[in-house]
Structure formats: C-alpha cells, structure tokens
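These notes concern the structure reproduced below.
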Amino acid sequence: MAPSTTPAPAASVFARSLDFRASLSRNRWNSFFSVLAGLFAVIAVIPLVLVLGYVLFMGGSLISARLLTELPPAPGLDGGGIGNAILGTIVVTLIASLIAIPVGVGGGIYLAEYSRSGWFAQFVRFGTNVLAGVPSIICGVFIYGLIVSTRVFFGQSYSAMAGGIALAVLMLPTVIKTTDEALKLVPQELRWGAIGIGASRFVTITRITLPAAFTPIATGVVLGIARAAGETAPLIFTALFSPFWPEGVFNPIATMSVLIFNFAIMPYEAQNALAWAASFVLVVMILGANLFARWVGRFTRA
Amino acid sequence: MAASESTDLFVLRRRPPQEKLVDQGFRQLAVLLASLVGLVLLGILLVVLFGSREAMARFGLGFLVISDWDPVGDTYGAFTAIYGTIVTSILALFIAVPLGVGTAIFITENLIPLRLRQLLGIMVELLAAIPSVVLGLWAIFVMEPFIRPGLELLHQTLGWMPFFSTVPQGPGMAPAILILVVMVLPIITAIARDSLQQVPPELRQAAYGVGTTRWGAILQVILPAAVSGITGGVMLALGRAMGETMAVTMIIGNSNNFSLSLLAPGNTISSMLANQFGEADGFQVSALMYAAFVLMVLTLIVNVLAQWIVRRLSLKYS
Chain A
1 MAPSTTPAPA ASVFARSLDF RASLSRNRWN SFFSVLAGLF AVIAVIPLVL
51 VLGYVLFMGG SLISARLLTE LPPAPGLDGG GIGNAILGTI VVTLIASLIA
101 IPVGVGGGIY LAEYSRSGWF AQFVRFGTNV LAGVPSIICG VFIYGLIVST
151 RVFFGQSYSA MAGGIALAVL MLPTVIKTTD EALKLVPQEL RWGAIGIGAS
201 RFVTITRITL PAAFTPIATG VVLGIARAAG ETAPLIFTAL FSPFWPEGVF
251 NPIATMSVLI FNFAIMPYEA QNALAWAASF VLVVMILGAN LFARWVGRFT
301 RA
Chain B
1001 MAASESTDLF VLRRRPPQEK LVDQGFRQLA VLLASLVGLV LLGILLVVLF
1051 GSREAMARFG LGFLVISDWD PVGDTYGAFT AIYGTIVTSI LALFIAVPLG
1101 VGTAIFITEN LIPLRLRQLL GIMVELLAAI PSVVLGLWAI FVMEPFIRPG
1151 LELLHQTLGW MPFFSTVPQG PGMAPAILIL VVMVLPIITA IARDSLQQVP
1201 PELRQAAYGV GTTRWGAILQ VILPAAVSGI TGGVMLALGR AMGETMAVTM
1251 IIGNSNNFSL SLLAPGNTIS SMLANQFGEA DGFQVSALMY AAFVLMVLTL
1301 IVNVLAQWIV RRLSLKYS
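For the protein sequence lines, the chains are A and B, in the order given. The opening residue of the first sequence carries number 1 in this note's numbering; numbering runs sequentially from there. The opening residue of the second sequence carries number 1001 in this note's numbering; numbering runs sequentially from there.
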C-alpha cells in the first residue's frame, strides 16, 4: 500500500518532539498577545483608580459637618458648603423616580405579561432602545421646549419639577427594560398555577409574578436612580441652579452635578474645592448604590 | 346521580363584574404606560423640529456646512460642532475599541485566576457608573495638565501636519478625545465580554483539537464568531460618544472657530447646547434646536444601525 512507499516524511514527522517549545514563532506570538491583552486590561482600569483616588483624596479631605449643611459662598469668597445641592439632588431624583418607576414598571408589565411578541410590543421595545440611545442633553432640550419655555407650571420657567421630569425621561428605558427582563425570568408555571386556582390576571400579576421578580426589578431601578443622580446635561437648563435652599418644586433648584459643572469652570479655588467635595459625595452615593445593587443581585442568581 | 354529586364539589363561580373591570382597567393602564415611550419619542422629535423650524427655513442644509457661528450677527452654521462631534467620537473609538476588546478577551480567557478577572470586570463596570461631570472635573484639574507635555512634544515633532499644527494651551480636542475613551471603554468592554462568553465552547475545543494555539483560536475562531455583538457594541458606544456632553464640554474649550488641529479648542453639538442654551434667546434658540435635531438624527441613525447589525449578524449556534 501507499504508506510503505513514503516512509521518509512520516518518520521525520514523528521524530519531532511533541514537547512545548517556547521558541516557536507561534508560541512567541501567543505570549505576546497574552501580555498585550493584560496590558490593555490594566490600562482600562487605570482611569477608575486615578479618578477614584483623586476624588476620594481631594474631596474626602474637605468633608466636614459644615460643608454638608451650609450654603455655597458667593463667587470669590471662602467657606460655605454644598448643603442645598445635596438636598436638591435628592429632591430632583425623587421626582424623577416617582414618575419613571410607575410608568416604567407598568410598561414593562405590558411587555412581559400581556403582549410578548405582538407588533405593538415590538414597537415599544424598539422605542425603548431608541429612547435609551437619545443623548441626555436632548432630553434637556425636549423638557426645555415642552415645559420651561412654555411656562406650564404656574408661569414658572426653570424648576425642580422640569429637571425631575427630564431625568425621568432618561430613567424610563432602564426601568422598562429591567422590568420586562425580570418578569420574563419568572417561571411560566407560577402564572399557570395562579390562573388555575381562579385568580384573575390582575391578581396573578400583582400578587404572584411581581413579588417573584421584585429583587431583579429593584436592582435595576436602584442602578437607574444612581445613574440619574449623576446626570448633569438634562438639568443645566431645566432645573438650572440656585445658591439658596430649595424653595419648593416649582422654582430653580441646586443639584450636586450642576454645582460641580458650574464651580469647576470658575477661576476661584474655594469654588473648585467645593466641586471636588460635591464629587466626593456624589461618587460615594452612586458607587454605594451600585455595590449595594450588585450585592442584592447575588441572592437572586443563587 | 354520581354526576350531580361531582358538580356539587366544583361549584362554578362567575367572576363578579368589578373583578372584570379591575382586570380590564389594569390592562388598559399597562397599554397606556407602555405607549408613553412612543409618545415621549414623538414628543422629543416634535419639540425639536418645532423649535428649529425658523432656523431650518432660513439656513436650510447650508447650516451643516457653514462654520460661522455668530450670535451677534445672528448667523449660524454648525459645521465646527458637527465636525468636532464626528472627529472626537470616531478617534475616541479608534483608541477605545482595541483597548476594550483586548480587556474583554483578557477577562474571558483563563490567563489569571477567576477571582482577579471578576474584580477587573467589576472595576470596568464601576468606571461606567462614575458621573460624566466628575470625569470632566478630573480631566480639567488632573488629566489635562498631566498630558500637556506629551501634546507639546507631539506638536514639536509632528507640527507640520495640519492635525497637530497649533500649540496646545489647555482645553482642546485631544483631551476631549481621551476623556471620551474613558467614557466608552466600559460599554465596549461589557458588550464584547457578553458576546465572547456566548460563543459555544465547542468551537474553541475544536480549534484546539486541530492544533492551534490560544491566540490562534481567539483571532481566527472566537472573535469572528462574536463579531456581530462586538460591532453592535461599538456602534452603541459611537452613539454614546456623539451624545456625551458634560466631560467633553468641560475640556474641549468650546471654540466656534474651525480648526483642523486636534490640539486646538473645538466644539461638539452637545457641548455647544450645554454652553449656550441657558443664555440663548430669540433666533439663537432656534439655531441651537436645529443643531440638536442634527445630533438626534446622527445618534438615531447610529443606534438603529446598531440594533439592525446585532439582529442581522447575531449568533446562530444555539
């Protein structure tokens, strides 16, 4: 047969050692790419370490009870604090949550419970993705055109309410997606069981599926709120800024993110320091919420 | 007789009308809330279009190619901002895509212990949680002074090229590009990691079985299999980079004078909006709304394309 006529090449193939040889060019390339990928990963986390380091160091060293409770000083003056901005961020984020959570959870319930694949559900899902991609500054422009310039709220132009609605538009896609995906993970048997013993659709959803999906929904909502709390672009010309304590929801209001923006570009060191302090408070709040949501999320996967 | 006894056991209960009403009402409410998404999208489009109608009527498409932005003379052209938006986001992606995909590969391969890889993954995700305005603050006071010597060196050695022809003086396009890299890196890494993890392990085993190395398998088998998700992620990152506002506004210098040089101050549509919208009145608002419309169309195209690519090229292994 053929093998006997070609013994020489076969012998040379098997004479070669099967041991790993690092000097082969393909093995060299292999190590080179591994080191390169490792290097890229290190480069990718350097900004986080540096930003966190600076914010915690520059901002953390300024934190005091006075700073957290006082009003910001007039431009050029020292002292003061960011108390009104902390309160303002809480107020605006609360308004946004009160609007976006019911609307988003309702929309998510429709997508997951009533119409998983109908044309309208497809359209809503597509719209949700598109809305998630709309730049945050456009949300600000939208609310400016819809609410601020038309003065629909008692003749007030810039207001905490307008800022909260702008943030709600931003949060809405996150809440809808989270609810939709969380409800889809609930086993179908639970729904059949509830309907089987005579529960109505409404009771099934509110008493069985929503509680079963509560943890993932809450995790997603907390992440959405954390993201909204740090947003600046939709607030600059909706909530504006105020050097005073909040005067109700229909007046301009200070927020930490806008304070950082305004004070960072001022040529005064006292204001720059307050911007670092506000960054510290904001970053601690947001990272805290993120880590908390991650920790809660671990229980659902188990 | 037996039949009537068994029907007594299962008394048929008619649903009371109020229960049906609640059921129907709840369904209608859910439909209403779901349709709000469409309404909001429509509202955004209408508000921006309505606000920009005067500028559209006066400038037409010339708005896109004129670089003259003059609030005093009341003539507006958004070319500088459109150029800045496209150039900063595309150059940022040129840097961020290799970094992000490389990081994603490193996290999904078993080169280092799982715990360390999970830690790396969490760190990259936390980077996405840092507010843009905080990154801007850091860019102004830490990053820009730090990289300025490097940019000056770039100007001295490559100054004959129009892209590096100006002396770096603080804020400019180059620092804005770098901060955009930081902002889109987590998106690209997260999506690339998801796509790589979805590649079936059999493909890798088969590649190893025919005798390739780890990187032979990654570059020739796994990456091509995951390319749809990665491309979709890159497009999403492009949309995010084009719409990114705060960090860019704080570091780009906000100059409406057109310059090819990356070391000179420039502008993007979103930073122009952030800077001027609050103080604008009259015709300038309309011109800004027109610019916002252009930004919206740009991001809309990119995002719809991203969704289309993901659906069109999605993995067909399962």
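By construction, the Cβ of each residue, glycine as well, lies at the ideal position given by its N, Cα and C atoms. This one's a predicted model, so the numbers in the text were calculated from it and none came from an experiment.
Under 7 Å from the C-beta of residue i: neighbouring residues of chain B
i	result
phenylalanine 33 of chain A	Trp1215
valine 169 of chain A	Val1040
leucine 48 of chain A	Met1123, Leu1126 and Leu1127
tyrosine 54 of chain A	Trp1138 and Val1142
N- and C-terminal bounds of the alpha helix (DSSP H) containing residue i
i	result
phenylalanine 120 of chain A	119 to 133
glycine 193 of chain A	188 to 196
valine 92 of chain A	83 to 109
glutamate 1144 of chain B	1144 to 1158
asparagine 1110 of chain B	Premise fails: asparagine 1110 of chain B is in no alpha helix (DSSP H) and is neither H nor E.
isoleucine 253 of chain A	Looking at the DSSP string, isoleucine 253 of chain A is not in any alpha helix (DSSP H), and its letter there is neither H nor E.
alanine 1055 of chain B	1053 to 1059
glutamine 1169 of chain B	Per DSSP, glutamine 1169 of chain B belongs to no alpha helix (DSSP H) and is neither H nor E.
isoleucine 63 of chain A	Premise fails: isoleucine 63 of chain A is in no alpha helix (DSSP H) and is neither H nor E.
leucine 1012 of chain B	Segment: none, leucine 1012 of chain B is in no alpha helix (DSSP H) and carries neither H nor E.
glycine 1136 of chain B	1132 to 1138
phenylalanine 322 of chain A	No information on residue 322 of chain A is available, as it lies outside the stretch 1 to 302 that chain A covers here.
alanine 74 of chain A	Careful: alanine 74 of chain A lies outside any alpha helix (DSSP H) and carries neither H nor E.
threonine 1249 of chain B	1246 to 1251
serine 1255 of chain B	No alpha helix (DSSP H) contains serine 1255 of chain B, which DSSP labels as neither H nor E.
asparagine 1275 of chain B	1269 to 1276
phenylalanine 142 of chain A	136 to 143
C-beta atoms of residue i and residue j nearer than 9 Å
i	j	result
isoleucine 1105 of chain B	alanine 37 of chain A	yes
proline 1098 of chain B	phenylalanine 32 of chain A	no
glycine 1084 of chain B	serine 1271 of chain B	yes
threonine 219 of chain A	threonine 179 of chain A	no
valine 1031 of chain B	phenylalanine 120 of chain A	yes
tyrosine 158 of chain A	leucine 98 of chain A	no
leucine 1260 of chain B	proline 1162 of chain B	yes
valine 45 of chain A	valine 1134 of chain B	no
alanine 293 of chain A	leucine 190 of chain A	no
proline 72 of chain A	isoleucine 82 of chain A	yes
alanine 226 of chain A	proline 135 of chain A	no
glycine 1253 of chain B	asparagine 1267 of chain B	yes
alanine 1078 of chain B	phenylalanine 1094 of chain B	no
serine 1132 of chain B	methionine 1246 of chain B	yes
leucine 1294 of chain B	isoleucine 1269 of chain B	The residue asked about is misnamed: residue 1294 of chain B is valine in this sequence, not leucine. A contact, by the Cβ cut-off of 9 Å.
threonine 1299 of chain B	methionine 1250 of chain B	no
alanine 162 of chain A	isoleucine 143 of chain A	yes
isoleucine 209 of chain A	valine 186 of chain A	Isoleucine is not the amino acid found at residue 209 of chain A; the sequence shown has threonine there. It is a contact, given that the beta carbons lie within the stated cut-off.
leucine 111 of chain A	valine 130 of chain A	no
alanine 160 of chain A	asparagine 84 of chain A	no
Beta-bridge partners of residue i, as assigned by DSSP
i	result
phenylalanine 153 of chain A	A:Gln156
aspartate 1070 of chain B	B:Thr1075
Contacts that residue i makes with chain A (C-beta to C-beta distance below 7 Å)
i	result
proline 1016 of chain B	Here the premise fails: no neighbours, minimum Cβ distance about 10 Å.
threonine 1189 of chain B	Ala44
leucine 1029 of chain B	Gly106
Proximal residues of chain B, C-beta to C-beta of residue i below 8 Å
i	result
threonine 174 of chain A	Those within 8 Å of threonine 174 of chain A in chain B number zero; the least Cβ separation is about 12 Å.
tyrosine 144 of chain A	Phe1277
asparagine 129 of chain A	Asn1303 and Gln1307
isoleucine 236 of chain A	Ala1274, Phe1277 and Gly1278
Residues that residue i contacts on chain A, provided the C-beta gap is smaller than 8 Å
i	result
isoleucine 1301 of chain B	Neighbours of isoleucine 1301 of chain B on chain A: none; closest Cβ ~10 Å, over 8 Å.
alanine 1176 of chain B	Ordered by position in chain A, no residue passes the 8 Å Cβ test against alanine 1176 of chain B, which lies about 14 Å from the chain.
glycine 1043 of chain B	Phe142 and Leu146
leucine 1223 of chain B	Residues of chain A passing the Cβ test: none, with the nearest at roughly 11 Å.
9 Å Cβ cut-off: residues of chain A touching residue i
i	result
serine 1132 of chain B	Ser136, Gly230, Glu231, Thr232, Ala233 and Ser257
serine 1270 of chain B	Pro135, Ser136, Ile137, Ile138 and Ala233
valine 1234 of chain B	Ordered by position in chain A, no residue passes the 9 Å Cβ test against valine 1234 of chain B, which lies about 14 Å from the chain.
valine 1047 of chain B	Val141, Phe142, Ile143, Tyr144, Gly145 and Leu146
threonine 1080 of chain B	By Cβ distance, chain A contributes nothing, its closest Cβ being about 17 Å from threonine 1080 of chain B, past 9 Å.
Closer than 9 Å at the beta carbon, the chain B residues around residue i
i	result
asparagine 27 of chain A	Thr1213
tryptophan 276 of chain A	Leu1137 and Phe1141
Check: residue i C-beta below 8 Å from any heavy atom of the ligand NAP
i	result
methionine 1173 of chain B	Among the components modelled here there is no ligand, and therefore nothing to report on the ligand NAP.
Which residues, in order along the region 97 to 114 of chain A, keep a beta-carbon less than 9 Å from a beta-carbon of chain D? Of the protein chains in this structure, namely A and B, none is chain D.
What alpha helix (DSSP H) runs, 4 residues minimum, are completely inside the region 1189 to 1240 of chain B? 1201 to 1209 and 1214 to 1217
Could I get the ranges of all uninterrupted alpha helix (DSSP H) runs contained in the region 172 to 250 of chain A, with 4 residues as the minimum, in chain order? 188 to 196 and 214 to 230
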